[in-house]
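A.B. asks:
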Amino acid sequence: MQADGSLAAALGGYSINLGQFSTAAIARAGQLATGLPLVSFAGKGALAKQVHALVQRLARHGLVEYRLSSPRDEQDLVVIEPQVAEYWPQPAKLGNGDTIVLSRFAYLRRRGNEMVLESPRAGALFRICDPAIAATLAALSRPWKISTLRRHAASLNLNLLGLLLHCQMLIKLTAKDGDGLRENEGDGNLVLWDFHDLVFHTRSTEGRHANPVGGSFTYAGVVPPLPAVRPPWPGKQIDLGKFFTKPASPLAKLLRERHSIRDFDDQHPVTLAELAQFLGTTARVLSEWKIRADFDRGPEVTYSARPYPSAGSAYELELYLAVSNCEGLARGLYHYDAGSHALVAIDVSAAQLQALSMAAEFAMDASGPPQVLITIAARFGRISWKYSSIAYSLILKDVGNLIQTFYLAATEMGLGGCAIGTGNIDLFARMTGLEFHVEGPVGQFALGRGKKPAIPS
């Protein structure tokens, strides 16, 4: 309870205000500590509506988990842990004639002393408490009709299967889907994704999991930190010092002067002309051509050349600019059309734009938001069409190439820049309307006019 009578949830030094509620609603919500049945606040009465509103506010912040219990002894069968904001359990309907199979992106793994079922497509993970359920899930590696599954699996729980279907852990097959061994699972863009790539994409970014992100120092108490410079190999050394002269070329000077700048001078922001010069120098399409794919009867494929190297000349990366402070350019989100060297405004809410900028500010540990935040997104199918199992690895190498190019261009222009290690793929999807597995963030770069160091008095 807060001094003004409102209710707040506190976690890890942070608090979230949940609003005003009646004494009866707060007393009922107190049962959340041990478990509050959904049916207990599903009615239309004032108390039920208040409790429902409170639980949904908690759920929006991922502060509620859902227990599926045995009706006999109330032992947990499965505990559902939300991984995305606003997850709410909604069992899909299943009938005896339906055929289901596990998604090829679903996986069962050990976490501590528990077994968890996860999928990069799912909004929640399922903590499996009953070994019989794990056995049933294993059987679903091949398609089963519900009526047949009921005869063979005593542990079958239709509510659980409906929840798994809603989370896209299970898929429902139709007659035209055949054996369900691959391909699109209801979304043609998934054909191009290998399992390990989609898992890595969703678990190494923010937005689709509830794991710690960033400098969490998870292993600080387990192993000592490695030294900054690797200890030398044993054996005779060849001293290169006598062959090295002080670099005099402009490139060598840029490489040595390049460094990350996290704080920007908002009294003298970057200008539209400077931004145009920066994008033209680093990312503009220089030429385009067509050539047939190098296999028998391969289709004609278009290619382009740009200032940074890209695997197989795929150039799958796209730039989205969240502009907070740029002279001559309105605040907003823009896509950079590299072919036309132009910016196109994208309609987003002020709250979404602020959330994007604040996340970058937090990630950099900066004193304010970046003047221009460049989100580097990938058109995944552009590169996975050719490279399959190494596609995501190549994308990240391309991101590194582009970020180094950004750094060198910013240094040459007297601007400040900083690479950012995290990005929220779910927020980007909501802002652009693009599915996270079709085109999504793989890197970020803050750009602006750096603050000059304070001169000591």
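In my numbering, the protein residues as written are 404 to 860.
Don't be surprised by glycine CBs; every beta carbon is placed ideally from N, CA and C.
Leaving out five residues on either side along the sequence, give the residues of the same chain with a beta carbon under 8 Å from the beta carbon of V458.
C.D. replies: Excluding residues within five positions, the ones whose Cβ falls inside 8 Å are A432, L435, L439, F444, V467.
A.B. asks: Hey, quick one: how far does the alpha helix (DSSP H) through M518 stretch, first residue to last?
C.D. replies: Counting along the chain, M518 falls outside any alpha helix (DSSP H), though it belongs to the beta strand (DSSP E) covering 517-521.
A.B. asks: Under 8 Å, Cβ to Cβ, is there at least one residue of chain B near A741?
C.D. replies: Within the model displayed, chain B is absent; a lone protein chain is all it includes.
A.B. asks: Any idea if L421 is buried or exposed, counting beta-carbon neighbours within 10 angstroms, 16 or more meaning buried?
C.D. replies: Buried is the call here.
A.B. asks: Please check the pair Y723 and H738, which I expect to be a contact at CB under 8 Å, by giving their CB distance rounded to whole angstroms.
C.D. replies: 6 Å between Cβ atoms; contact.
A.B. asks: Mind the definition here: the region 745-752 touches the region 695-711 only if three or more C-beta pairs lie below 8 Å; say whether that holds.
C.D. replies: Not touching, per the Cβ criterion.
A.B. asks: Are there 16 or more other CB atoms within 10 angstroms of the CB of Q423, so buried, or fewer, so exposed?
C.D. replies: It counts as exposed.
A.B. asks: Can you list, in chain order, the residues of its chain with a C-beta nearer than 8 Å to that of T685? Leave out the 5 residues immediately preceding and following it.
C.D. replies: These residues qualify, in order along the chain: P710, Y711, L805, T808, F809, A812.
A.B. asks: Mind pulling the alpha helix (DSSP H) runs of 4 or more residues that sit fully within the region 725-790?
C.D. replies: DSSP runs (the alpha helix (DSSP H)) wholly in the region 725-790: 753-767, 783-790.
A.B. asks: Excluding the 5 residues preceding and the 5 following A495 in the sequence, name in chain order all residues of the same chain whose CB lies nearer than 6 Å to its CB.
C.D. replies: These residues qualify, in order along the chain: G565, L568, H569.
A.B. asks: Going by the CB atoms, is the gap between Q847 and I777 shorter than 8 Å?
C.D. replies: Yes, Cβ-Cβ distance for I777 and Q847 is below 8 Å.
A.B. asks: Which of the three DSSP states is assigned to Q560 in this structure?
C.D. replies: According to the sequence displayed, residue 560 carries Asn and not Gln. Three-state DSSP puts N560 in coil, outside helix and strand.
A.B. asks: Which residues in the same chain as T605 place their Cβ atom closer than 8 Å to its Cβ, once the five residues preceding and following it in sequence are excluded?
C.D. replies: These residues qualify, in order along the chain: P523, R611, H612, I828, F839.
A.B. asks: What's the gap between the Cα of V482 and the Cα of V504?
C.D. replies: Rounded to whole angstroms, V482 to V504 spans 21 Å at the Cα level.
A.B. asks: Count the other CB atoms within 10 Å of the CB of P635; is the residue buried (16 or more) or exposed (fewer)?
C.D. replies: The residue in question, P635, is exposed, as its Cβ has fewer than 16 Cβ neighbours within 10 Å.
A.B. asks: Return the bridge partner residues of K452 from the DSSP annotation.
C.D. replies: The partner list for K452 (beta bridge, DSSP) is empty, contrary to what the question assumes.
A.B. asks: Taking just the CA atoms, how far does L593 sit from T502?
C.D. replies: For T502 and L593, the distance between alpha carbons rounds to 21 Å.
A.B. asks: Looking at the unbroken alpha helix (DSSP H) that takes in A870, where does it start and where does it end?
C.D. replies: Beyond the ends of the chain as shown, which are 404 and 860, falls residue 870; an answer cannot be given.
A.B. asks: Just to confirm before moving on: does the CB-CB distance between Y385 and A462 stay below 8 Å?
C.D. replies: Any question about residue 385 goes unanswered here, given that the chain covers just 404 to 860.
A.B. asks: Smallest Cα separation from D476: which of D533, G498, V454, A509?
C.D. replies: Of the listed residues, the one whose Cα sits closest to D476 is D533.
A.B. asks: Closer than 7 Å by C-beta to K800: which residues in its own chain qualify, once you throw out the five before and the five after it? Chain order, please.
C.D. replies: Answer for K800: A714, listed in chain order.
A.B. asks: Which same chain residues, not among the five before or five after G853, have their C-beta less than 8 Å away from its C-beta?
C.D. replies: I664, D666, F667, D668, L818, G819, listed in sequence order.
A.B. asks: Measure the beta-carbon distance from L736 to L675 and round it to whole angstroms, keeping in mind my assumption that it falls under 8 Å.
C.D. replies: The Cβ separation is near 16 Å, so there is no contact.
A.B. asks: Looking at the structure shown, is T705 part of a helix, part of a strand, or coil, going by DSSP?
C.D. replies: If DSSP states are grouped into helix, strand and coil, T705 belongs with the strands.
A.B. asks: Terminal residues of the continuous beta strand (DSSP E) containing G591?
C.D. replies: Neither: G591 is in no beta strand (DSSP E) and is coded neither H nor E.
A.B. asks: When you compare the CB positions of A527 and Q486, do they come within less than 8 Å of one another, or not?
C.D. replies: Yes; because the gap between Cβ atoms is below 8 Å, this pair is in contact.
A.B. asks: Nearer than 7 Å: is that true of the beta carbon of P634 relative to any heavy atom of the ligand FAD?
C.D. replies: In the structure on display, the ligand FAD does not appear, and there are no ligands present to speak of.
A.B. asks: For a quick check, are the C-beta atoms of P672 and E764 less than 8 Å apart?
C.D. replies: Their beta carbons are not under 8 Å apart, which means P672 does not touch E764 by this criterion.
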